[in-house]
Amino acid sequence: MDIPKQYDPRQAEQHHYDRWEKSGAFAPEINKDPNAEVFTIVIPPPNVTGSLHMGHALQHTLMDVMTRHKRMSGFRTLWLPGVDHAGISTQLMVSRALKKEGKSRHDLGREKFVERVWTWKHESGNQITVQMRREGASVDWSREKFTMEEDLSRAVREVFVRLYEEGWIYRGNRIVNWCPTDQTVLSDLEVEKLPQSGKLYYLQYPIKNSDRHVTVATTRPETMLGDTAVAVNPKDERYADLKGQTILLPLTKREIPVVFDEYVDPDFGTGVVKITPAHDPNDYELGLRHNLDQVVVIDPQAKMTPEAGAAFAGMDRYQARDKVIEEFERLDLLEKIVDYEFSISKCERCKTVIEPLISEQWFMKMDQLRDLALDLMSKERKPRFVPETPYEKIYTNWLENLRDWTISRQLWWGHQIPAWYTKTGEVIVARSEEEAREQAGTAELVQDQDVLDTWFSSALWPFSTLGWPNETEDLKTFYPTSVLVTARDIIFLWVSRMVMTGMKFVGKEPFEDVFITGTILDPQGQRMSKTKMNGVDPLDVFDKFGVDATRLTLAQVGSTDTRWNEKQVESYRNFANKIWNAARFCLLYADGAEIKPQILTENKELALHDRWIISRLNKTARDINAALNAYEFHAAVQMLYHFFWDDFCDWYIELSKSDVTSDKAGPHRDEARSRLLTVLEQALRLLHPFMPYITEELWQRLPGDKELHPAYAGAEPTIMLAAFPQGGPVDEEAESEMDKVIELISAVRNIRSELNVSPSQNISVLVEMQNSRLREAFASNVNQIQRLTRASEVVVSDHVNAPKASAKAVLSSNGYVAVPLAGLIDFDDETKRLKRKKEKLESEATKLQSQLANPDFAQRAPAEKVQQTQSRINEVQLHIKALDQLIENLQ
RNA sequence: AGGCACGUACGUCAAUGGUAGACGGCUUCCCUUACAAGGAAGAGGUUGGGGGUUCGAGUCCCUCCGUGCCUACCA
């Protein structure tokens with residue numbers, strides 16, 4: 031067999047995914063066990079406009095690790111993929127393309143525009159699904175969903191109608207966040223507040239029938255044209271005499287009242303606030319309380335309206351601002367302008383400054399839905415957040431302060447609101463136009479032009495994708511899903527809403543657990559973002575180091591924020607190469623070997639290193655299962671790395687090498703080779719959820735029949751469907767004896783290194799060991815010890831007469847090892863070397879003894895702890911004593 | 001403005017209140033017949049500062065310093 035010396039990730043990545051997908055191994059139907067437990071994940075649907083970024087790669091890796099682990103453990107697994115129609119982003123993207131042709135969406139008209147979006151979707155909207163295949167994501171493509179397709183749209187309409195009938199969805203005229211660029215309303219969660227340095231303008235408003243004035247402070251002077259009152263705090267004695275006074279609003283000739291409201295903070299600014307109910311959310315609320323007029327002076331294009339006055343009508347809001355200031359200056363009513371830091375609301379997508387406007391929109395009442403989610407948390411503690419802190423609290427706090435959700439959007443791309451209007455203005459909400467006609471008793475209906483917020487359909491994702499509102503088999507089988515894996519920034523936008531709708535419409539929580547991933551930051555600790563251009567493209571990393579190495583790096587990130595560190599990926603690339611070469615060795619000596627998992631459990635007389643590796647394998651498998659079930663990905667990766675590299679490669683392969691590579695063919699050699707190959711095969715299975723490509727590539731090269739998990743009997747062979755090792759008995763005796771063998775070999779290597787004895791120089795190794803069991807263990811491993819210490823002879827005895835000119839090291843359990851080095855030993859240096867070791871031990875002993883000497887410790891610490899400390903002291907002291915002996919012998 | 005996290009080796013990160021670890025990097029030696037993307041052996045820490053609780057603190061409490069994140073209607 032010809033196996034290259036270096037692992038080529040690209041080669042493996044090209045060969046397996048298609049076969050997996052076509053064989054149906056990703057679909058739950060592959061599992062033939064009718065009693066199999068079910069494991070489900072629905073993917074957070076990426077935007078159809080999106081391409082893969084590090085956040086996706088992280089989430090997908092974790093979901094794939096879980097899914098592959100559960101699948102190999104015999105679960106009926108479904109990882110359901112899909113894509114979100116992403117209303118605003120997609121509409122913007124297609125509009126931009128149109129602009130290049132010199133057209134706007136209005137030139138096309140709604141119908142043609144939407145057609146155009148669909149064409150775009152079919153041509154270039156599947157980029158991310160291609161990239162997910164590269165990642166190795168074992169999603170069931172046969173169930174792939176898109177939020178705009180008919181069955182999901184049906185679910186959207188169903189939910190809308192039901193909530194409308196209950197009075198939880200309503201239409202109303204309220205102040206909303208308006209984006210003048212995108213020409214649509216936005217929910218509170220779609221605007222971001224950014225700190226900004228600006229100016230605070232102090233304007234003087236004359237008081238009628240008086241020569242006095244009040245001064246108000248504002249960051250947006252242009253809104254004064256829409257002022258309908260000024261307000262002061264009722265407790266503010268400075269302004270008590272304003273009661274009943276009228277203000278002459280400059281530039282407008284309007285007379286406006288003074289109102290008294292607790293909202294005003296007397297300590298800020300002048301303590302007098304100008305009130306513009308039509309253009310500020312707080313003023314709007316205050317206006318309602320005091321029955322104030324709403325004068326609209328800014329229109330949806332952010333231009334001034336005729337109501338702003340002839341001098342301003344048609345002017346841009348910022349131009350108007352300058353003009354207002356100019357006028358105030360001219361009238362000598364501008365008191366001062368000061369520099370001021372404040373936050374400004376911007377459209378999350380296009381960064382335009384939001385203009386609060388009064389507008390007729392659809393809203394969803396959230397109080398009862400919110401209570402469903404809060405009750406679920408308080409009564410059943412669901413969903414379970416991982417990590418629990420701080421996310422459980424963040425989630426509940428947010429729910430407690432939840433306000434109504436603006437669900438309509440003035441876009442064309444999205445789910446058109448299933449509401450129709452009759453000529454007389456009657457509103458009909460229905461599941462379809464026919465239904466609406468029936469209800470209205472007329473065919474002359476006009477459908478509402480708005481669409482729903484993209485997150486409306488996302489909120490239904492865990493059940494709409496499984497066929498709801500139909501009572502499908504999939505819904506019965508896979509809902510509630512097992513775990514949701516997502517980033518923390520959409521806990522409110524998405525997670526909470528899924529919980530609420532899931533409870534309301536299916537009556538059960540949509541997922542048991544919510545795993546919140548960490549964030550991958552750039553090397554400077556900054557968030558990766560398109561605008562900063564500091565993002566690392568996962569596909570570049572795949573190309574450079576391979577998908578498997580990247581996945582291992584990402585899996586380790588888990589739920590902690592981590593700075594991107596390419597070195598880490600490189601080290602896992604090296605790990606992949608190590609795996610490759612370990613397998614290469616096993617395969618080079620596979621003649622006569624077969625994979626027999628039963629040898630791992632049968633009670634047979636085996637050599638120490640065989641018993642040891644089986645024990646290590648069992649323990650590692652057990653611990654990895656536990657770690658994965660607890661979402662401790664970091665721990666699982668560490669365990670795999672150490673098991674494979676340290677235990678399997680550095681020790682087991684080396685210890686079994688002489689048997690495996692022996693010239694003598696025969697059962698002894700065959701069995702050694704079979705054990706090696708079997709352990710390798712088990713290790714590949716453990717690695718597979720993390721490193722699907724290399725493990726499959728190697729597994730396919732292993733000789734003979736390889737067993738699949740019984741649930742997948744008869745399926746096309748793939749490591750994907752082999753049973754995940756569950757772990758078995760741990761052989762404490764073998765582990766402890768092996769530790770001593772390792773200690774002995776390390777001690778000799780240490781002597782070699784410290785005394786600069788070249789590896790090529792022959793040495794003798796003399797071992798004195800009082801403990802008979804260990805003496806036997808050493809004796810029966812003389813060949814291995816000799817090989818690994820590169821010694822010409824190894825003598826093990828209960829008493830050795832080592833020459834004085836020997837380098838020595840103390841072994842635990844009453845023994846020492848001596849390496850005679852006539853001519854190379856300087857007695858003074860050797861004494862110093864041993865004394866250095868002694869010093870280290872002495873400082874440890876001192877520390878422990880002072881602890882033990884403390885009567886409080888002996889009294890209050892658990893007996894077990896005291897016992898442990900005592901026995902450690904004994905051990906250390908024994909070691910010191912032995913060292914003293916060696917030092918004395920040198921004198 | 002409030003709230004919440006975080007601060008551990010040169011770097012990135014681990015550590016149910018019980019002797020502080022891993023990987024990379026670094027130093028020395030070695031192309032030993034799976035692998036130099038490798039092997040062997042090392043060096044490296046008052047766990048941001050200070051105080052407290054405890055027999056015992058990286059871990060719990062207080063405080064200061066530093067860094068992030070989220071929420072918010074201060075015009």
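If you read the first sequence in the numbering used here, its first letter stands for residue 31, the second for the next number, and so on. Heads up, the beta-carbon is just placed ideally off N, CA and C, and yes, glycines get one too.
Buried versus exposed call for residue i [16 or more other C-beta atoms within 10 Å across all chains shown]
| i | result |
| --- | --- |
| S857 | Reading off the sequence, residue 857 comes out as Phe, not Ser. Looking at its Cβ environment, which holds fewer than 16 other Cβ atoms inside 10 Å, F857 is exposed. |
| D271 | exposed |
| K649 | buried |
| E50 | The question names Glu, but residue 50 is Trp in the sequence shown. Buried: at least 16 other Cβ atoms inside 10 Å. |
| A695 | exposed |
| F298 | exposed |
| R268 | exposed |
| S926 | For the chain, the structure presents residues 31 to 921; residue 926 sits outside this window and is missing. |
| C616 | buried |
| C380 | exposed |
| T149 | exposed |
| K423 | exposed |
| L224 | exposed |
| D295 | exposed |
| H86 | buried |
| Y846 | buried |
| I643 | buried |
Closest by C-alpha distance to residue i, when choosing among the options
| i | options | result |
| --- | --- | --- |
| K409 | F393, T426 and I546 | T426 |
| G166 | R40, K353 and N65 | R40 |
| F358 | H639, L233 and S783 | L233 |
| W392 | R106, Q586, E806 and V215 | V215 |
| K62 | H45, N77 and T107 | T107 |
| A340 | Q331, Y348 and V327 | V327 |
| P210 | I158, F143 and T382 | T382 |
| N611 | N156, P510 and I724 | I724 |
| R11 | R192, T507 and T549 | No answer is possible for residue 11: the residues shown for the chain start at 31 and end at 921. |
| H698 | A623, E727 and Q900 | A623 |
| I749 | Q477, Q712 and R779 | Q712 |
| F372 | L710, K597, K229 and S822 | K229 |
| N500 | L738, E188, A403 and L224 | E188 |
| L361 | P386, P236, I158 and F545 | P236 |
| Q330 | F69, D543, I205 and K412 | Note that residue 330 corresponds to Pro in the displayed sequence, not to Gln. Among F69, D543, I205 and K412, the Cα nearest to that of P330 is on I205. |
| P492 | P540, P111 and I384 | P540 |
| D38 | F575, S601, M669 and D693 | F575 |
Residue range of the unbroken beta strand (DSSP E) whose run includes residue i
| i | result |
| --- | --- |
| L796 | S794 to M799 |
| D480 | D480 -> no beta strand (DSSP E), and no H or E assigned at all. |
| H243 | H243 to T248 |
| Q921 | First-last for Q921: undefined, no H or E at that position. |
| A848 | G845 to P850 |
| D543 | F541 to I546 |
| K867 | K867 -> not in any beta strand (DSSP E); alpha helix (DSSP H) instead, spanning F857 to A883. |
N- and C-terminal bounds of the alpha helix (DSSP H) containing residue i
| i | result |
| --- | --- |
| G532 | S526 to F535 |
| S688 | E684 to V690 |
| L706 | P697 to L717 |
| Y370 | Y370 -> not in any alpha helix (DSSP H); beta strand (DSSP E) instead, spanning L364 to C377. |
| T159 | Q157 to E165 |
Q: Please go through the segment 279-362 and give each complete beta strand (DSSP E) segment of 3 or more residues, from N-terminal end onward.
A: 284-290 and 302-305
Q | Secondary structure, alpha helix (DSSP H): runs of 4+ residues fully inside the segment 400-470 | A | 418-430 and 463-470
Q: Report the residue ranges of all beta strand (DSSP E) runs contained in full by the segment 82-134; include only those spanning at least 3 residues, in chain order.
A: 106-110
Q) Using 8 Å as the Cβ pair cut-off and three pairs as the minimum, do the segment 794-814 and the segment 822-833 touch? A) yes
Q.
Suppose only complete runs of 4+ residues qualify. What are the alpha helix (DSSP H) ranges in the segment 750-807, listed by chain order?
A. 762-784
Q: Specify whether the segment 240-259 and the segment 425-443 touch according to this definition: at least 3 beta carbon pairs, one from each stretch, less than 8 Å apart.
A: no
Q) At a cut of 8 Å, does the segment 473-491 reach the segment 509-517 through at least three beta carbon pairs? A) no
Q. What runs of the beta strand (DSSP E), each 3 residues or longer, lie entirely inside the segment 189-257?
A. 199-209, 214-216, 221-236 and 243-248
Q: Count the C-beta pairs between the segment 73-88 and the segment 560-568 that are closer than 8 Å, then say yes if the count reaches three, no if not.
A: yes
**Q.** Unbroken stretches of the alpha helix (DSSP H), 4 residues or longer, contained in the segment 601-659
**A.** 638-659
Q | Inter-stretch contact (C-beta, 8 Å, three-pair minimum) for the segment 762-772 and the segment 650-657 | A | no
**Q.** Stretch pair the segment 436-443 + the segment 111-122: three plus CB contacts closer than 8 Å
**A.** yes
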